[in-house]
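Protein chains: 2
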Amino acid sequence: MEHVHHNCLYTMTAQQKKARRQQQKEDTRRIILDAAYVLFAENGYAQTTMRKLASRAGVGLGTIFKHFQNKPSLLVAAYQEDLGKIVVDAFKSLPEAGIKKQLLHITERIYGFYATDPSFSRNLIKEALFLKGEHGEILDNQLMLFLKEIAELFKKAVENGELPVDTNVHKGALAFGAFYFSGLIMGLKQTTFNTEERLDFVGTMIDHHFFTKNR
Amino acid sequence: MEHVHHNCLYTMTAQQKKARRQQQKEDTRRIILDAAYVLFAENGYAQTTMRKLASRAGVGLGTIFKHFQNKPSLLVAAYQEDLGKIVVDAFKSLPEAGIKKQLLHITERIYGFYATDPSFSRNLIKEALFLKGEHGEILDNQLMLFLKEIAELFKKAVENGELPVDTNVHKGALAFGAFYFSGLIMGLKQTTFNTEERLDFVGTMIDHHFFTKNR
DNA sequence: TTCCATTAGCGAACATGTTCACCATAGCTG
DNA sequence: CAGCTATGGTGAACATGTTCGCTAATGGAA
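Protein sequence lines, in the order shown, are assigned to chains E and C.
Under the working numbering, the first sequence has 20 at position 20, and the numbering climbs by one with no breaks.
In the working numbering, each residue's number is its place in the second sequence (first place is 1) plus 1000.
What follows is the structure, given as structure tokens:
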């Protein structure tokens, strides 16, 4: 990443000039974010002091707060890209057959991420849960998109004839979301995340909710 | 509440003497807890500093930490009695007919509590979610008891013939728990808790999970 | 080019949760 | 009663997230 040199200013177009400062800001933001990602992973959330982070990123303490409202926002920002990629990957590698298999596939991928470091994941979930401000809204949007994608899977399952035609795909997605989220929280409450067990729970719930004939 | 006077020591039985110091400790704990309850309710969680609380309770700053591990524990301790009462009341005033009605009744009572001050409730849930230490375990036990009670309701519904005999009451309770919890979180994510809407969600989910004939 | 407004960058200062060494007393032991 | 131990009570000290006024440089305006 090569910075435009100061002397060249007069050769730049207006747009280039306009973009330069903004670009520099974006760069330092990136530096902070990357340093945060590493430090959080290496030393955990609480142990990663804003001062240590500033030092590691090579910026001033106050600079961090010019880019992120507070520590929780920074935590969420540092890991939402990762999580986003995992979700995208999960949807790309979807099994062809069966809505249940598909849902469990996605669940497994995401649980896998949280399972690698439960203690850290607890902090992440805790801080992300009711996060306010810019990053909170980003999270909400991602959640909304996620549910929309899930609903899409349900829609296809209905078209396949796997689910009855009167299925409300939106409600279906919400039900799955409830199972997924509860399973996640239950798993994280234990010291080690038992993915097997949690997947079994979600699978059972899906079975009962979507594939059981009652009375 | 009248304290035993120092001079009377020699007239006390061994047990009374033994109990005295412990009793005094319990008393100051109570004083702190009550002051915390009031201050949290009046000024909110973040605005209630440990110093203000110490001042209000008439104890030293350090004293608080002889009774509670940290601020989140104090928050949870201050409100888990309230919540416990609400749950007990909800079970006492249970409608006779219909498991769905019963579940929604309980849900409504609890949501009602959280709805009165969503901002505060967000803090409470956030801090209680993965709370460690003594108070975390108490919470877990209460949750377990709650689920057991719910399972009991399911069992009765099975005996009534309202639900099929092969119903797994434990799984049923967990499913309800997932709906209840998700509904709570969704509701609290909004600035004002729309109890009506959330109850509708939980009701719909219960209907679909327990009373829908699929295919 | 020169001037001006905006803002990224910065760290001292502040607020607050938490720790800890110390004190006083309860309550046991002889 | 006399001495000892354990511990409730205490606030100074500390660590850390966050704020805020300052500086310098960017980039637009005259």
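Every residue, glycine too, gets a C-beta built ideally from N, C-alpha and C.
Item to check | Chain-ordered residues of the segment 1192–1206 of chain C with a beta carbon less than 8 angstroms from chain E | outcome: 1201, 1204 and 1205
Checklist entry - Hey, is the segment 93–100 of chain E in contact with the segment 1146–1156 of chain C, meaning 3+ C-beta pairs nearer than 8 angstroms? => result no
Next on the checklist: Quick check on residue 209 of chain E - is its C-beta less than 8 angstroms from some C-beta in chain C?
Outcome noted: Looking up residue 209 of chain E in the first sequence gives position 209. Cβ-Cβ to chain C under 8 angstroms: yes for residue 209 of chain E.
Next on the checklist: residue 1059 of chain C and residue 1099 of chain C - do their beta-carbons sit closer together than 8 angstroms?
Outcome noted: To locate residue 1099 of chain C, count along the second sequence from 1; it is residue 99. To locate residue 1059 of chain C, count along the second sequence from 1; it is residue 59. Going by C-beta atoms, residue 1099 of chain C is not nearer than 8 angstroms to residue 1059 of chain C.
Checklist entry - Is any beta-carbon of chain C found at less than 8 angstroms from that of residue 21 of chain E? => result Here residue 21 of chain E is taken as the residue at index 21 of the first sequence, counted from 1. No, its Cβ sits nowhere closer than 8 angstroms to a Cβ of chain C.
Checklist entry - Do three or more CB pairs link the segment 1134–1150 of chain C to the segment 193–210 of chain E at distances below 8 angstroms? => result Too few Cβ pairs lie closer than 8 angstroms, so no.
Checklist entry - For residue 182 of chain E, which residues in chain C fall below 7 angstroms Cβ to Cβ? => result As a working note, residue 182 of chain E is residue 182 in the first sequence. The answer, in chain order, is 1177, 1178, 1181 and 1182.
Checklist entry - Helix or strand or just coil, what does DSSP make of residue 1132 of chain C? => result Here residue 1132 of chain C is taken as the residue at index 132 of the second sequence, counted from 1. Three-state DSSP puts residue 1132 of chain C in coil, outside helix and strand.
Next on the checklist: I'd like to know whether the C-beta of residue 1120 of chain C is nearer than 8 angstroms to at least one C-beta of chain E.
Outcome noted: Residue numbering aside, residue 1120 of chain C sits at position 120 when the second sequence is read from its first letter. Nearest CB-CB separation between residue 1120 of chain C and chain E: not below the 8 angstroms threshold.
Item to check | N- and C-terminal bounds of the alpha helix (DSSP H) containing residue 1280 of chain C | outcome: For chain C, the structure presents residues 1001 to 1215; residue 1280 of chain C sits outside this window and is missing.
Item to check | Exposure of residue 1021 of chain C, with buried meaning 16 or more beta-carbon neighbours within 10 Å | outcome: Mapped onto the second sequence, residue 1021 of chain C falls at position 21. Exposed.
Checklist entry - Which residues of chain C have a Cβ atom closer than 8 angstroms to the Cβ of residue 25 of chain E, listed in chain order? => result In the first sequence, the residue the question calls residue 25 of chain E occupies position 25. Chain C residues near residue 25 of chain E: none, gap ~30 angstroms exceeds 8 angstroms.
Checklist entry - Do we get a CB-CB distance below 8 angstroms when we pair residue 1066 of chain C with the residues of chain E? => result Taking the second sequence and counting its residues from 1, one reaches residue 1066 of chain C at position 66. So no, residue 1066 of chain C is outside the interface.
Checklist entry - Between the beta-carbon of residue 1191 of chain C and the beta-carbon of residue 1118 of chain C, is there less than 8 angstroms? => result What you label residue 1191 of chain C is simply residue 191 of the second sequence in a count that begins at 1. What you label residue 1118 of chain C is simply residue 118 of the second sequence in a count that begins at 1. Yes, they are a contact pair.
Item to check | Near-chain C residues of the segment 104–131 of chain E (beta-carbon distance less than 7 angstroms), N- to C-terminal order | outcome: 122, 126, 129 and 130
Item to check | Separation of residue 157 of chain E from residue 163 of chain E, as counted between CA atoms | outcome: As a position in the first sequence, residue 163 of chain E is number 163, starting the count at 1. As a position in the first sequence, residue 157 of chain E is number 157, starting the count at 1. Going from the Cα of residue 163 of chain E to the Cα of residue 157 of chain E covers about 6 angstroms.
Checklist entry - Are any of the Cβ atoms in chain E nearer than 8 angstroms to that of residue 1148 of chain C? => result Residue 1148 of chain C sits at position 148 when you count from the first residue of the second sequence. Residue-level contact check: residue 1148 of chain C does not touch chain E, since none of the beta carbons of chain E fall below 8 angstroms from its beta carbon.
Checklist entry - When the cut-off is 8 angstroms and only beta carbons count, does residue 188 of chain E lie next to chain C? => result Start at 1 with the first residue of the first sequence, and residue 188 of chain E comes out as number 188. At least one chain C Cβ lies under 8 angstroms of residue 188 of chain E.
Checklist entry - At a Cβ cut of 7 angstroms, what residues of the segment 1162–1173 of chain C count as close to chain E, listed as they run along the chain? => result The segment 1162–1173 of chain C vs chain E, Cβ under 7 angstroms: 1164 and 1171.
Checklist entry - By a C-beta neighbour count over all protein chains shown, 10 Å radius and 16 as the cutoff for buried, is residue 145 of chain E buried or exposed? => result On the first sequence, residue 145 of chain E is found 145 positions in, with the first residue counted as 1. It counts as exposed.
Item to check | residue 133 of chain E to residue 1049 of chain C span [Cα, whole Å] | outcome: Translated into the one-based positions of the first sequence, residue 133 of chain E becomes position 133. Translated into the one-based positions of the second sequence, residue 1049 of chain C becomes position 49. Cα-Cα distance, rounded: 24 angstroms.
Next on the checklist: Looking at chain C, is there any beta carbon in it that lies within less than 8 angstroms of the beta carbon of residue 156 of chain E?
Outcome noted: For the purposes of this step, residue 156 of chain E is taken as residue 156 along the first sequence, with counting starting at 1. By this cut-off, residue 156 of chain E is not an interface position.
Checklist entry - The alpha helix (DSSP H) spanning residue 979 of chain C covers which residue range? => result Residue coverage of chain C in this structure runs from 1001 to 1215, which leaves residue 979 of chain C outside it and unanswerable.
Checklist entry - Based on Cα-Cα distance, which residue from E:179, E:113, E:88 and E:52 lies nearest to residue 1205 of chain C? => result In the second sequence, counting from the first residue as 1, residue 1205 of chain C sits at position 205. It is E:179 whose Cα lies nearest to the Cα of residue 1205 of chain C.
Checklist entry - Does any residue of chain E bring its CB to less than 8 angstroms from the CB of residue 1213 of chain C? => result Position 213 of the second sequence, counting from 1, holds the residue named residue 1213 of chain C. Output row for residue 1213 of chain C: interface = yes.
Checklist entry - How should residue 1126 of chain C be labelled, buried or exposed, when 16 other C-beta atoms within 10 angstroms of its C-beta is the threshold for buried? => result Here residue 1126 of chain C is taken as the residue at index 126 of the second sequence, counted from 1. Buried, since its Cβ has 16 or more Cβ neighbours within 10 Å.
Next on the checklist: What does the Cβ neighbour count give for residue 161 of chain E, buried or exposed, with the cut at 16 atoms within 10 Å?
Outcome noted: The residue you call residue 161 of chain E lines up with position 161 of the first sequence. Answer is exposed; the Cβ neighbour count stays below 16.
Checklist entry - To which residues of the same chain is residue 1089 of chain C closer than 8 angstroms at the C-beta, ignoring the five residues directly before and after it? => result Indexing the second sequence from 1 puts residue 1089 of chain C at position 89. Contacts found: 1109.
Next on the checklist: Buried or exposed for residue 122 of chain E, going by 16 or more other Cβ atoms inside 10 Å?
Outcome noted: Indexing the first sequence from 1 puts residue 122 of chain E at position 122. That one is buried.
Next on the checklist: For residue 39 of chain E and residue 1069 of chain C, what's the separation of their Cα atoms in angstroms?
Outcome noted: To locate residue 39 of chain E, count along the first sequence from 1; it is residue 39. To locate residue 1069 of chain C, count along the second sequence from 1; it is residue 69. Their backbone Cα atoms lie some 27 angstroms apart in a straight line.
Checklist entry - Taking Cβ positions, are residue 73 of chain E and residue 131 of chain E nearer each other than 8 angstroms? => result Here residue 73 of chain E is taken as the residue at index 73 of the first sequence, counted from 1. Here residue 131 of chain E is taken as the residue at index 131 of the first sequence, counted from 1. Cβ atoms of residue 73 of chain E and residue 131 of chain E: closer than 8 angstroms.
Item to check | For residue 169 of chain E, the three-state DSSP class (helix, strand or coil) | outcome: The sequence position of residue 169 of chain E within the first sequence is 169, counting from 1. Residue 169 of chain E falls in the helix class under three-state DSSP.
Item to check | Identity of the residue in E:28, E:44, E:82 and E:23 nearest residue 57 of chain E by Cα | outcome: Along the first sequence, read from residue 1 onward, the residue named residue 57 of chain E stands at position 57. Nearest C-alpha to residue 57 of chain E: E:28.
Item to check | Short Cβ contact (8 angstroms threshold) for residue 175 of chain E with residue 1208 of chain C | outcome: In the first sequence, counting from the first residue as 1, residue 175 of chain E sits at position 175. In the second sequence, counting from the first residue as 1, residue 1208 of chain C sits at position 208. Yes; because the gap between Cβ atoms is below 8 angstroms, this pair is in contact.
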